[in-house]
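Going by the working numbering, the sequence shown opens with residue 23, and the numbers climb by one from there. For every residue, glycine included, the Cβ atom is placed at its ideal position computed from N, Cα and C.
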Amino acid sequence: MAEQAPTIYDVAERAGVSVATVSRALNDVESLRAVTRDKVMRAMAELDFVPNNVARGLSRGKNWVIGLAFMHSPVKANEAEVEADSLLYTDIIIRGVEAQAARHGYSLLLCSAGEEHPDGIAPLRNLTQSVDGWIVLDRVLNVEEVPEISRRTPIVLMAGAGDSDAAFTVRVDNEGGIASLVSHLVEAHGARRFGYMSGLEESPDNVARLRALRDATRRWGGQLNEEDIVSCDWTSGGAEVQTMRWLDRRVDLPDVLVCANDQMAVGAIHALGARGLKVPRDIAVTGFDDIPIARYLTPALTTVRQSSSAMGAEAVDVLLAAMANEPVANTTTMASRLQIRHSCGCQGELGEDVA
């Protein structure tokens with residue numbers, strides 16, 4: 023006979039509180055003492071108790087579900103192998119969203135859209151009745167489409183999704199991160215000529231990083247030539263191919279190749295090595311994001327660190343505040359910081375943070 027799932031009464035008994043107190047903890051009642059809430063949550067974890075969100079929704083007019091929409095790269099049938107690393111950064115954000123949503127008693131509904139489904143608004147429109155709010159990542163919605171959904175439920179845009187007066191935005195400080203990177207490259211390594219490995223050109227994060235690089239190189243008296251701006255697609259495989267093509271048409275390389283994310287830096291370093299070029303001896307390479315693999319590359323990758331999981335958690339907090347009609351800033355900018363390792367030419371212990 024299957025073991026019976028634990029009930030709210032079991033949680034109350036384990037925590038040594040009343041059923042009403044467990045209910046208050048589940049419904050996040052502010053007047054409940056933190057120590058009591060922690061006791062209830064600990065009992066729930068020990069019993070593997072899963073709240074009945076449907077019942078809670080009926081009693082409070084909520085679904086207790088947060089929707090998260092993101093882009094995925096389409097699989098092309100004529101490719102022997104298609105890498106999945108384009109979802110790595112997204113995966114870290116999703117984990118941050120999921121963990122923070124669970125802390126507040128919410129489940130997560132994932133909704134992916136791809137270039138093979140250009141009408142990104144359709145699934146959001148169809149699922150809006152099932153969620154209490156949306157967190158929308160890179161390019162799922164056009165800015166013009168945001169108001170239609172925001173009239174029905176709150177929306178937080180993040181991870182390159184652009185800005186809209188009809189939604190809240192959580193973004194990383196692209197400008198400050200790139201400025202710190204260029205400052206270090208110029209002052210510590212004498213870099214003057216810069217190249218840029220671009221993500222998808224229409225991505226707001228890519229636009230912001232390229233604009234910041236132009237501004238910073240101009241401020242420091244450096245050069246960013248158009249022929250050294252390499253168009254790519256955020257992936258390491260794409261970066262390897264595009265770096266090879268760039269090397270085919272360029273003889274005089276810049277001092278440094280600034281990649282719009284770490285995954286492209288991985289592909290660029292691999293391509294440079296295949297051509298017999300050493301990083302950073304022949305050309306420095308940097309990234310953006312500080313994904314886990316960055317510190318394990320050879321050489322370890324100098325990059326701009328953003329906490330993707332913290333961004334996901336912040337997006338949940340902003341969304342919950344909006345759902346509760348609490349005052350919240352239209353745009354929240356998360357800090358970035360320079361993570362200096364070896365690919366820029368610095369020496370030191372692996373993963374040493376000297377920024």
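Residue i, enclosing beta strand (DSSP E) - first and last residue
| i | result |
| --- | --- |
| V307 | 306 to 308 |
| T58 | Note, T58: premise wrong, no beta strand (DSSP E); alpha helix (DSSP H) at 56 to 69. |
| E248 | 245 to 253 |
| Q361 | 359 to 361 |
| T355 | 353 to 356 |
Within 9 Å, strictly: CB atoms of residue i and residue j
| i | j | result |
| --- | --- | --- |
| G118 | R359 | no |
| T354 | F92 | no |
| C448 | L149 | Outside the shown range of the chain (23 to 377) lies residue 448, about which nothing can therefore be said. |
| A316 | A287 | yes |
| D311 | F216 | no |
| V87 | V62 | no |
| I171 | R147 | yes |
| G155 | L341 | yes |
| L323 | R271 | no |
| V158 | L48 | no |
| D339 | A282 | no |
| L319 | L294 | no |
| G289 | V263 | yes |
| H211 | G367 | yes |
| A201 | A238 | yes |
| D250 | L279 | yes |
| A344 | V178 | yes |
| A188 | R174 | no |
| S331 | I114 | yes |
| T112 | D70 | no |
| S253 | P302 | no |
| A181 | M333 | yes |
| T29 | T43 | no |
Residues sharing a beta bridge with residue i, DSSP
| i | result |
| --- | --- |
| D311 | R327 |
| C133 | A91 |
| W242 | None, per the DSSP bridge assignment. |
| G155 | I88 |
N-terminal and C-terminal residue of the alpha helix (DSSP H) that residue i is part of
| i | result |
| --- | --- |
| G118 | 110 to 125 |
| V33 | 30 to 37 |
Nearest-angstrom Cβ-Cβ length linking residue i and residue j, presumed shorter than 8 Å
| i | j | result |
| --- | --- | --- |
| Y218 | L207 | The Cβ separation is near 13 Å, so there is no contact. |
| G275 | I305 | The sequence shown places Leu at residue 275, not Gly. Between I305 and L275 the Cβ distance is about 5 Å, and since that is below 8 Å, they are a contact. |
| R64 | L54 | About 14 Å separates the two Cβ atoms, so there is no contact after all. |
| L203 | V326 | 6 Å |
| G391 | A213 | For the chain, the structure presents residues 23 to 377; residue 391 sits outside this window and is missing. |
| A346 | A121 | No, A346 and A121 are not in contact; Cβ-Cβ is about 20 Å, not under 8 Å. |
| N85 | V153 | 6 Å |
| N196 | A135 | Their Cβ separation, rounded to whole angstroms, is 23 Å, which puts N196 and A135 out of contact at 8 Å. |
Residue-level contact to chain B via CB, residue i, 9 Å cutoff
| i | result |
| --- | --- |
| A201 | Of the protein chains in this structure there is only one, and it is not chain B. |
Practice task
Within the region 261 to 293, note down every full beta strand (DSSP E) run reaching 3 residues or more, in order along the chain.
Solution key: 278 to 281
Handout entry: Residue ranges of each alpha helix (DSSP H) within the region 171 to 226, 4 or longer
Key = 196 to 211
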